[in-house]
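Chains as they are written, first to last, in this note's numbering: chain L, 34 to 245; chain C, 34 to 245. Yeah, the Cβ is synthetic: ideal placement off N, Cα and C, and Gly gets one too. Below you'll find the structure, written out as structure tokens, and then a few comments.
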DNA sequence: ATGTAATATTTTGTATGCAGAATTCATAGT
DNA sequence: ACTATGAATTCTGCATACAAAATATTACAT
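And the structure:
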């Protein structure tokens, strides 16, 4: 087994995203490079490199002389991001292999149904949702598009921990996932794409109230 | 007048993109950090920071221990990128202020017509095309979307200097721009978005033959 | 001549050092 | 008490230094 050999900046990036998901940082907090580097046990150089990539993804923002900070959240930006991923995922679905979609459709349906039953932790809910969407788009051959979606979604993770608690809105999401899967089973790709867009728009509405 | 105070990494990024447009680097070339830093008169640190952002935009790619290099071009990737910007610009047009569009539509038409007349240098053609699209999308309030479009287009610049010479395909592009503007003047936003998508798809077809 | 192993050189990835900007703290004046 | 001014401190941005990996070169054996 070859041991993991990736640049430190990537490992640091991943670790920071993990901590972001855990809610360790709140939006607007500015980052002390020296302190964070010490905490991670690395030097400032690869840390800064990680911060720069995160800034490129919209997770952080940087100001000359003032360093990096977690980009503040706003309803406006959240709306913007949802509109973007909705369009991108719809495109990804459009350019997916129909054979793949037909094949995974039953599994997508099963996963969605399973999930509407049991109530889970927030972290699990999000992981499940991500995995579901990944499976849905697994048949898309546009690699750049998939990368882009991943990147934009990274920028959205600042919002995910705001939704905390309450499982009710999730039932709606599960329903919508079922709907998408059903369209796919019926072979209606256009309908599925449209339902997918709705899923994002509705998801947006659901979260919107919790954002300042 | 406040003098320009931007991080060095951004200036370096801009300079590198400029040189890319000039065709100084060909795709696949790997970058020697020390040499390039010396040539630019900066240290490796901000240079690497610039390289990392460019890698994030897909202009460069990096391999552990092997540094950065200009990402190789391929028809597949070019198709992918065109599909992405087509979708993103269509979305931007959808979420644009109709009042703005109505106001700039005549100007867009005039610019497109003017340009179909005089033959220009490649650099000028591209600049004109970029400016035309910028004006078109100037009424979009989704800032993240505009940033994203800029970023994806940066990744496409590797392809732009491949098109070199030949002005004939440009006449077609000008025609298409006219068409879009006419839809806007008629107030048919849906038609304009559709024509915009066509513009990208056709533009892709036009260039495709010159890519290895 | 060709292929291979050992060594030298180059080049990246990471750490450290340093100058200047931004912020904080203290002090003086109103 | 509050503001303004200036010194002290902290922190960023950039440069340099160092270690390890990758590449090139040489020597040698077949």
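Simplified DSSP state of residue i, which is helix, strand or coil
i                     : result
residue 80 (chain C)  : helix
residue 58 (chain C)  : coil
residue 70 (chain L)  : helix
residue 334 (chain C) : Because chain C here runs from 34 to 245, residue 334 (chain C) falls outside it and cannot be looked at.
residue 35 (chain L)  : Because the pLDDT of residue 35 (chain L) is 49, which lies under 50, any placement of that residue in the model is unreliable, and the number read from its coordinates should be weighed accordingly. Three-state result, residue 35 (chain L): coil.
residue 221 (chain L) : coil
residue 195 (chain C) : coil
residue 75 (chain L)  : coil
residue 154 (chain L) : coil
residue 184 (chain C) : helix
residue 227 (chain L) : helix
residue 235 (chain C) : helix
C-beta atoms of residue i and residue j nearer than 8 Å
i                     : j                     : result
residue 64 (chain L)  : residue 101 (chain L) : yes
residue 141 (chain C) : residue 114 (chain C) : no
residue 88 (chain L)  : residue 94 (chain L)  : yes
residue 60 (chain L)  : residue 104 (chain L) : yes
residue 122 (chain L) : residue 166 (chain L) : yes
residue 24 (chain C)  : residue 97 (chain L)  : Any answer about residue 24 (chain C) is impossible in this case: the structure gives chain C only from 34 up to 245.
residue 227 (chain L) : residue 175 (chain L) : no
residue 117 (chain L) : residue 177 (chain C) : yes
residue 43 (chain C)  : residue 73 (chain C)  : no
residue 108 (chain L) : residue 241 (chain L) : yes
residue 225 (chain C) : residue 217 (chain C) : yes
residue 126 (chain C) : residue 170 (chain C) : yes
residue 41 (chain L)  : residue 79 (chain L)  : yes
residue 195 (chain L) : residue 239 (chain L) : no
residue 237 (chain L) : residue 112 (chain L) : yes
residue 187 (chain C) : residue 92 (chain C)  : yes
residue 184 (chain C) : residue 90 (chain C)  : yes
residue 222 (chain L) : residue 139 (chain L) : no
residue 235 (chain L) : residue 204 (chain L) : no
residue 172 (chain C) : residue 134 (chain C) : yes
residue 86 (chain C)  : residue 158 (chain L) : no
residue 106 (chain L) : residue 212 (chain L) : no
First and last residue of the uninterrupted alpha helix (DSSP H) at residue i
i                    : result
residue 52 (chain L) : 41–54
One or two residues paired with residue i in a DSSP bridge
i                     : result
residue 94 (chain L)  : L:102
residue 63 (chain L)  : L:102
residue 129 (chain C) : C:173
Residue i CB to nearest heavy atom of the ligand COA below 7 Å
i                     : result
residue 225 (chain L) : What this structure holds is no ligand at all, so the ligand COA is not there to describe.
query: Taking any Cβ of chain C, which residues in the segment 39–64 of chain L have a Cβ under 8 Å from it, in chain order?
result: 39, 40, 42
(Q) Can you pull out the residues from the segment 225–244 of chain L whose beta carbon lies closer than 7 Å to at least one beta carbon of chain C? (A) none
Requested in this report: Name, going along the chain, the residues of the segment 158–185 of chain L whose beta-carbon falls closer than 9 Å to a beta-carbon of chain C.
Outcome: 174, 175, 176, 177, 178, 180, 181, 184, 185
Give the residues from the segment 87–108 of chain L that approach chain C closer than 9 Å (Cβ to any Cβ), ordered along the chain.
-> 88, 89, 90, 91, 95, 97, 98
Exercise. Going along the segment 126–144 of chain C in order, which residues come within less than 8 Å of chain L, judged by CB to CB distance?
Worked result: 128
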